[in-house]
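For the sequence shown, counting from 1, position 263 maps to 793 in this note's numbering; every step adds exactly one.
Every residue, glycine too, gets a C-beta built ideally from N, C-alpha and C.
Given the structure is predicted, the values throughout are model-derived calculations rather than measurements.
Only one structure is covered here, and it is reproduced in the block below.
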Amino acid sequence: MGAAEPLRSELWVKRRRCAVSLDPARALLRWWPSPGPGAGAPGADACSVPISEIITVEETDTRGKHYGSGKWQKMEKPFAFTVHCVKRARRHRWKWAQVTFCCAEEPLCHLWLQTLQELLDKLTSRPKHLLVFINPFGGKGQGKRIYERKVAPLFTLASITTEIIVTERANQAKESLYEINIDKYDGIICVGGDGMFSEILHGLIGRTQRNAGVDQNQPRAALVPSPLRIGIIPAGSTDCVCFSTVGTNDAETSALHIIVGDSLPMDVSSVHHNSTLLRYSVSLLGYGFYGDIIKDSEKKRWMGLIRYDFSGLKTFLSHHCYEGTVSFLPARHTVGSPRDRKPCRAGCFVCRQSKQQLEEEQKRSLYGLENTEEVEEWKVVCGKFLAINATNMCCACPRSPSGLSPAAHLGDGSSDLILIRKCSRFNFLRFLVRHTNQYDQFDFAFVEVYRVKKFQFTSSHMEEEDSDLKERGKKRFGQMCSEHPSCCCSVSNSSWNCDGEILSSSSIEVRVHCQLVRLFARGIEENPKEELDS
């Protein structure tokens, strides 16, 4: 029997006679209780697992086991095989599950093993050899322990070989990716938090651009996507990227997504100042409130993770606002909006459609049919702001399950630009509290949100120091708005928080690169349910 033909047999599962069906066309393994040979169609108690979510199959040794009484007495020497697969649990978590199937005939057992293995061998997206970076210091310092106890056994089960590098200093992972031969790997795994992921992101993007001859310091450069996927084993303090792409910060769940070979394209923003690349960002660019928090917390690393709470309270009470000008190019290619309450989910239609429309737009520009930046008008907003946030993803985390921008999309080629103007301390607290509940955090008069593909920010100090630059900006962007008159707070500079790192300049130029990297993930699944009975 070929692997493309359906296979159906009467087997035993947990001492129950079951009809077991394997449909290669649907790539689905199903089983359900059967009173006897020739039983009918599956009922409500049927179980199933997609072939794509089977980790491995293996023959099971049944010698020396006691099978009880009744029908089992007829199988004095039963033959068995075990299917190791994914089981869905609550809150988007995946668990490793095993189901053992028994039969009385050895040829039938081998037929099932061979057929399942042939189907698994056709899954070419699965990694075989991985490079693993472990940060032993991030979060609570549990990275090495988490990998050895929860991840390594699953990789061994799936016959994935690894090379492990335990980092000893900052930027070691980034530097290693510039030096070593990465062509022999099927992916790069990060065991740590968002900082460790950022290191690997910068190393992989930088290495890819160097190989392609692309100058990263040119803000208008078309960056080349990397062929390697990045896997995240969460072991940090917030694990924002993992939480926003998988729906949980559970190490076993992430390991299983890597094993089954999931692939999720993700946008990356480049941040430049005076034609010099400062950093790449995938989650949050924050000026004002979030910039002040990260800057203050860096001085209090001795406090541990509680420093973020302390600095957050201190920054809130300080209530500083900052004057500047934000100019942005609206992302008209996207099919969604920041307030449509349609979050990014697995198989996201918005990301797919937006990518297609962006490619069509770029083709028109390439062939000279139109210049995108001249056709689309830049918008300008000026004033005093408590915070300026740009998110490429929802930025969800355990404390904020919906994130800073619940409808932000991972791969639509845009960023949600959130402007929080000067307001009372009480109103700002109301805004912050809404990040922890289901209410619309943008439903305030002092909050504006735009979906953009490029933006620039210049602080008032920079504007005063370079009036010529300001005049050129007026010619390019048109008359600056004056709807919101200046307020009386002191003018000063904040810092940009770029995915947890402080940027050296307050005036920046940001561009979103659509689906520049891919993760071992599939996005947050809608209403996940348990498909296997434990």
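Buried/exposed call for residue i, threshold 16 Cβ in 10 Å
{"i": "Gly816", "result": "buried"}
{"i": "Ser793", "result": "exposed"}
{"i": "Met923", "result": "buried"}
{"i": "Gly877", "result": "exposed"}
{"i": "Met833", "result": "exposed"}
{"i": "Ser551", "result": "buried"}
{"i": "Phe773", "result": "buried"}
{"i": "Glu890", "result": "exposed"}
{"i": "Ile950", "result": "buried"}
{"i": "Lys1004", "result": "With a pLDDT of 47 at Lys1004, under the threshold of 50, the modelled position of this residue cannot be trusted; read the value that follows with caution. Burial call: exposed."}
{"i": "Ile695", "result": "exposed"}
{"i": "Asp716", "result": "buried"}
{"i": "Gly594", "result": "The predicted model places Gly594 with a pLDDT of 44, which falls under 50 and marks its position as unreliable; any figure quoted below should be read in that light. Exposed, by the Cβ-count rule."}
{"i": "Cys1011", "result": "Any reading at Cys1011 must be qualified, since the residue scores a pLDDT of 42, below 50, and its modelled position is unreliable; the value itself is stated next. That one is exposed."}
{"i": "Gly1030", "result": "buried"}
{"i": "Glu648", "result": "exposed"}
{"i": "Val963", "result": "exposed"}
C-beta contact flag for residue i and residue j at 8 Å
{"i": "Asp769", "j": "Asp724", "result": "yes"}
{"i": "Phe611", "j": "Cys577", "result": "no"}
{"i": "Ala557", "j": "Gly673", "result": "no"}
{"i": "Gly821", "j": "Ser1025", "result": "yes"}
{"i": "His802", "j": "Pro749", "result": "yes"}
{"i": "Ile762", "j": "Phe819", "result": "no"}
{"i": "Arg656", "j": "Gly791", "result": "yes"}
{"i": "Arg623", "j": "Thr775", "result": "no"}
{"i": "Ile710", "j": "Cys720", "result": "no"}
{"i": "Phe846", "j": "Lys830", "result": "no"}
{"i": "Phe528", "j": "Phe974", "result": "The requested residue 528 does not occur in the structure, where the chain is confined to residues 531 to 1064."}
{"i": "Val579", "j": "Cys615", "result": "yes"}
{"i": "Asn747", "j": "Leu807", "result": "yes"}
{"i": "Ser1037", "j": "Phe987", "result": "yes"}
{"i": "His787", "j": "Cys881", "result": "no"}
{"i": "Leu753", "j": "Leu734", "result": "no"}
Residue i to residue j span [Cα, whole Å]
{"i": "Leu1046", "j": "Lys952", "result": "35 Å"}
{"i": "Gly573", "j": "Arg546", "result": "15 Å"}
{"i": "Lys983", "j": "Tyr810", "result": "14 Å"}
{"i": "Phe972", "j": "Asp870", "result": "11 Å"}
{"i": "Arg560", "j": "Lys652", "result": "19 Å"}
{"i": "Leu814", "j": "Leu947", "result": "10 Å"}
{"i": "Thr855", "j": "Pro936", "result": "25 Å"}
{"i": "Cys1044", "j": "Gly941", "result": "6 Å"}
{"i": "Cys1017", "j": "Val911", "result": "The predicted position of Cys1017 is uncertain, since its pLDDT is 42 and thus under 50; no value can be drawn from it."}
{"i": "Cys851", "j": "Lys909", "result": "22 Å"}
{"i": "Asp826", "j": "Asn1027", "result": "11 Å"}
{"i": "Glu540", "j": "Trp642", "result": "12 Å"}
{"i": "Asn919", "j": "Ser945", "result": "10 Å"}
{"i": "Leu959", "j": "Phe915", "result": "15 Å"}
{"i": "Leu888", "j": "Asn804", "result": "27 Å"}
{"i": "Ile836", "j": "Glu828", "result": "12 Å"}
{"i": "Pro536", "j": "Ile581", "result": "13 Å"}
{"i": "Pro563", "j": "Asp575", "result": "8 Å"}
Boundaries (first-last residue) of the alpha helix (DSSP H) holding residue i
{"i": "Trp642", "result": "Glu636 to Asp651"}
{"i": "Ile836", "result": "Ile836 to Ser848"}
{"i": "Pro1082", "result": "A question about residue 1082 goes unanswered here, because the residues of the chain that appear run from 531 up to 1064."}
{"i": "Glu698", "result": "No alpha helix (DSSP H) contains Glu698, which DSSP labels as neither H nor E."}
{"i": "Gln702", "result": "Gln702 to Glu709"}
{"i": "Ser784", "result": "Ala781 to Ile789"}
{"i": "Arg960", "result": "Arg955 to Val963"}
{"i": "Arg675", "result": "Gly673 to Ile676"}
Residue i: first and last residue of the uninterrupted beta strand (DSSP E) it sits in
{"i": "Glu853", "result": "Tyr852 to Pro860"}
{"i": "Phe915", "result": "Lys909 to Thr921"}
{"i": "Val662", "result": "His659 to Ile664"}
{"i": "His732", "result": "Per DSSP, His732 belongs to no beta strand (DSSP E); it is in the alpha helix (DSSP H), Asp724 to Ala742."}
{"i": "Val865", "result": "No beta strand (DSSP E) holds Val865; DSSP gives it neither H nor E."}
{"i": "Arg547", "result": "Arg546 to Asp553"}
{"i": "Arg560", "result": "Leu558 to Pro563"}
{"i": "Pro795", "result": "Leu794 to His803"}
Identified DSSP bridge partners for residue i
{"i": "Tyr969", "result": "According to DSSP, which records beta bridges pairwise, Tyr969 is partnered with nothing at all."}
{"i": "Cys1028", "result": "Leu815 and Glu1031"}
{"i": "Lys984", "result": "Leu859 and Arg1041"}
{"i": "Val979", "result": "Ile948"}
{"i": "Thr527", "result": "One cannot answer for residue 527 here, as it falls past the ends of the chain, which runs 531 to 1064."}
{"i": "Thr778", "result": "DSSP, once it has assigned bridges, lists no residue as partnering Thr778."}
{"i": "Cys615", "result": "Ile584 and Ala627"}
{"i": "Glu1056", "result": "For Glu1056, which the question treats as bridged, DSSP gives no partner whatsoever."}
{"i": "Trp542", "result": "Arg547 and Cys632"}
{"i": "Leu1046", "result": "Answer by DSSP bridge pairing: none, since Leu1046 is not bridged."}
Check: residue i C-beta below 7 Å from any heavy atom of the ligand FMN
{"i": "Ser811", "result": "With respect to the ligand FMN, the structure shown offers nothing to examine, as it has no ligands at all."}
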